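Participant:
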Amino acid sequence: MGDDLNDNVQRPAQRGPVAAVVVDTPLPHLDRVFEYAVPDELSADAVPGARVRVRFAGRDLEGFIVERRETAEHEGRLTAVRKVVSPEPVLTPEIHALCRAVADRYAGTLSDVLRLAVPKRHATAERTLPLLPPGEDIAASATDRAATGEPGSADPLDVPPGPWSAYPAGPAWLRRVAGGQAPAAAWTALPSRSPDEDWPEAIAVAVAAALAGGRGAVVVVPDHRDVDRLDAALVRVLGRGRHVRLTADQGPQARYTAWLKVRRGHVRVAIGTRAAAFAPVHDLGLVAWWDDGDDLLSEPRAPYHHTGVVLALRAEQVSAALLAGGFVRSLRLEAEIEAGRVVPVSADRAVARAAAPRVVVAGEGLDEERDGPAARAHLPSHAWRVAKDALRDGPVLVQVPRRGYQPALSCQDCRAPVRCPRCQGPVAVGSSGAPPRCRWCGLGLGRAGFECQSCGSSRLRATVTGSRRTAEEIGRSLPGHPVHTSGSGQVLATVAAEPALVIATPGAEPVAEGGYAAVLLLDAWASLDLPVLDAPLESLRRWMAAAALVRPGRTVVLAGAPPGVTLPAIEALVRWDPAWLAARELSERRELGLPPAVRMAQLVSSREALEAALSQLDLPPAAQVLGPMPLDAWVHPGAPAGPSAPSPGPHSASPAEADGAEVRRPSWHALLRAPLESTQELTHALAALRSFRSARKEPDSVTVRVDPVDGW
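End of the sequence shown = 1403 in my numbering, gap-free, step of one.
1) Sorted by chain position, which residues of the same chain lie with C-beta nearer than 6 angstroms to Pro1108's C-beta, five sequence neighbours on each side aside?
2) Comparing alpha-carbon positions, which option in Leu820, Asp919, Leu987, Ser1072 lies nearest Val953?
3) Is the Cβ-Cβ distance between Gly871 and Gly904 less than 8 angstroms?
4) In chain order, what residues of the same chain have a beta carbon less than 8 angstroms from the beta carbon of Val1051, not counting five sequence neighbours either side?
5) Taking the DSSP output, what are the residues bridged to Gly754?
6) Using the Cα positions of Glu1302 and Ala1361, report the straight-line distance between them to the nearest angstrom.
7) Can you tell me whether Lys952 is helix, strand or coil according to DSSP?
8) Are the stretch 1086 to 1100 and the stretch 1118 to 1132 in contact at 8 angstroms, needing three or more beta carbon pairs?
9) Classify Glu726 as buried or exposed, calling it buried when 16 or more other Cβ atoms lie within 10 Å of its own Cβ.
10) I'd like to know whether the C-beta atoms of Val898 and Val960 end up nearer to each other than 8 angstroms.
11) Is Val1193 near Val1182, with beta carbons less than 8 angstroms apart?
12) Taking DSSP as the reference, what is the three-state secondary structure of Pro1253?
13) Short of 7 angstroms in beta carbon distance, which residues of its chain neighbour Asp1422, apart from the five on each side in sequence? Order them along the chain.
14) What ranges does the alpha helix (DSSP H) occupy inside the stretch 946 to 1034, keeping only unbroken runs of at least 4 residues that lie completely in it?
15) Out of Val793, Cys1105, Arg1281, point me to the one whose CA is closest to Ser1145's CA.
16) Give the DSSP-derived three-state secondary structure of Gly861 in the structure shown.
17) With Leu987 and Asp914 assumed to form a contact (beta carbons below 8 angstroms), what rounded beta-carbon distance in angstroms separates them?
18) Considering Val1042, what are the terminal residues of the alpha helix (DSSP H) in which it resides?
19) Are Pro1197 and Leu1231 touching if we call contact CB-CB under 8 angstroms?
20) Alpha carbon to alpha carbon, what distance is there between Val1400 and Cys1143?
21) Could you tell me the distance, in whole angstroms, from the CA atom of Leu752 to the CA atom of His997?
22) Scan the stretch 1164 to 1189 and note each continuous beta strand (DSSP E) run of 3 residues or more that stays entirely inside, going in chain order.
23) CA-CA distance, Pro886 and Glu892?
24) For Cys1129, which beta-bridge partners are listed by DSSP?
25) Whole angstroms are fine: how far does the CA of Gly1171 sit from the CA of Val1210?
26) Excluding the 5 residues preceding and the 5 following Ala1006 in the sequence, name in chain order all residues of the same chain whose CB lies nearer than 6 angstroms to its CB.
27) On the premise that Ala1378 lies in contact with Ala966, defined as a C-beta separation below 8 angstroms, what is that separation, rounded to the nearest angstrom?
28) Tell me which same chain residues have a C-beta within less than 6 angstroms of the C-beta of Ala1053, skipping the five on either side of it?
29) Between which two residues does the beta strand (DSSP E) harbouring Val911 extend?
30) Can you tell me whether Lys774 is helix, strand or coil according to DSSP?
31) On the DSSP letters alone, give me the boundaries of the alpha helix (DSSP H) that Trp1216 sits inside.
32) Pick out whichever of Pro994, Asp982, Val1034, Pro854 has its Cα sitting closest to the Cα of Phe1018.
33) Give the secondary structure of Glu732 by DSSP, where H, G and I count as helix, E and B as strand, and everything else as coil.
34) How many whole angstroms separate the CB atoms of Leu1277 and Ala1288, which I take to be in contact at a CB cut-off of 8 angstroms?
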């Protein structure tokens, strides 16, 4: 229902005079469809899925028509649709149902999901792209190319297993996909593969199998470099023009054109980053994503959904096959496997061990007896020798956990972390010879003026050595070789096969032509000491992603591990057995009642608002409330108010802006824990809470996150 205005309503449409419209409003209590009258002159363009402009709460807002009705459910007068922005039916019934399911799963609003699922309109793209797709059939044209011997054009009607031959269950899974069935697989990929056997090629073959069954595919990967690799693999397997890519680095016209190609049926394969999960592919037969544990697959905006969950919901709705691949296995996938909803696809242990690199933990055994203290230096003697030998015939990858120079400092005597005396932020050294400076507010701390608050010492030490400092050290210790750095702000996609040192942070490791001659994983303890529940699995994921880039049979050195302790993550790396660690972690989580064995949600706000919200919340009987607990939130002037304001990072403000201007806003949070079978009850209760507080115009908002990444 729209506002009851006294405007002159034109003659109503003869058929379907009522339009059910989803209005673009973020208010939770208005998260429903509203009915509007359709004027006869707009009837032809006001099709379900079209963008329209309507009068709502005294303003003109955009929305989508989701249905045309013969009669209205509202008994009063209906306001007329003001304008059809575009007759293009951009919101298909399938995507509408998916967005509604995602909003319900994460206690969000439909409009929040629609902003991510449907890109902004570009009129030029709509005009220039043909309305109808080419007349040729994708699968048939690929068969014709294969018959003529055109290179890089496999016949999708008889897809050879290719890379899937290394996995006992792989060919059978592939045949089921090609046969139009909906098998769900969690695939543990082998490392150190040649380009024609690596994970992009395997996913491309799976896409070809879906096309062989006359269906389309959606594939999501964490970042644009992965999209580039997958794009090249799909060109080799299917030929050019058989898929589109959807990434944030495309311009508005290019992105909307690619999206329209999918919606209009020009292509049936879409690849890209997070938002590509909503691509309106016709006759969807396969959804796939790579590296389920990568935090880039988690949406940082409301409703904070995970891409893997979105694609699993979509596969269930349309009976599509599902493929979740990676070098490691996330706890969420392990839980799905143990529940029998997903089948593991992995190589035999003997094959996996043969493909895995040789992993050595520096500082153990003879290293310590022979090298003394140098065995546990930042660059241990053993790691130095491995790098020196490997540089004779190829590049060496050095992974460090943090960017910068010395991003974390501690007291030399008591090892207490150094915190800023003004805002309690972390203190770091930005470059050689620079004084320590707070990473939050920019306050400079002279070395001579430092005094440890715990023991009174004035001596500092680096807790973590960043990528720039590591590049300096290794460049001096191994002279005569070029040094490349890859990290935030400057990420390399590839490096040549010539000898070189490549210093990279996790997730920014470039692919070397022919593979790396060796890989060094430095500061292992800094990775394991991450302040998150998933630290062991996240460390293993980072290490394996880097180690998988080494040449077959070459050495990977793990340095910086705690002495005399064998940790499960390190053991899983040495054994190259990520499934063992995932099963172990999940078993412990079940005993402790931690996710993903239970469903968790996080509420964040001021203490008063949070206590009021908890009193208004109608939780399911089996749910528990943990808290409220204080959660420090530091924000700079000009930053958005409220608990959703971002935590200040190293570039939040300049020192001049920060002088005397740091403001502390106390925030509190509460955790809600419920059995998995109560997920729907919990999310419905949270959605009702948001709607109730929105309708009452409560002054302090409460941020709701279901399955928070770092909320426990």
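We put the CB at the ideal spot given by N, CA and C, even for glycine. Quantities reported herein were computed from a predicted structural model and do not represent experimental measurements.
Facilitator: Based on what the coordinates show:
1) Ser1101
2) Leu820
3) yes
4) His1073, Val1077, Thr1246, Val1247, Val1248, Leu1249
5) Val714, Val743
6) 9 angstroms
7) helix
8) yes
9) buried
10) yes
11) In this structure, Val1182 does not lie closer than 8 angstroms to Val1193 by Cβ.
12) Coil at Pro1253, not helix or strand.
13) Nothing about residue 1422 can be read from this structure; the chain reaches only from 692 to 1403.
14) 998 to 1009, 1022 to 1029
15) Cys1105
16) helix
17) 6 angstroms
18) 1040 to 1046
19) Taking 8 angstroms as the Cβ cut-off, Pro1197 and Leu1231 do not qualify as a contacting pair.
20) 33 angstroms
21) 29 angstroms
22) 1174 to 1177
23) C-alpha separation (whole angstroms): 7 angstroms.
24) Val1118.
25) 19 angstroms
26) Val978, Leu1013
27) In fact, because the Cβ distance is near 23 angstroms, the residues do not count as touching under 8 angstroms.
28) Once the five neighbours on either side are set aside, the close Cβ partners of Ala1053 are Pro1071, His1073, Ala1074, Val1248, Ala1250.
29) 907 to 911
30) In this structure, Lys774 counts as strand in the three-state DSSP scheme.
31) Trp1216: member of the alpha helix (DSSP H) spanning 1215 to 1219, first to last residue.
32) Asp982
33) In the structure shown, Glu732 sits in a helix (DSSP, three-state: H, G or I).
34) Between Leu1277 and Ala1288 a beta carbon distance of about 7 angstroms is seen, short of the 8 angstroms cut, so the two are scored as contacting.
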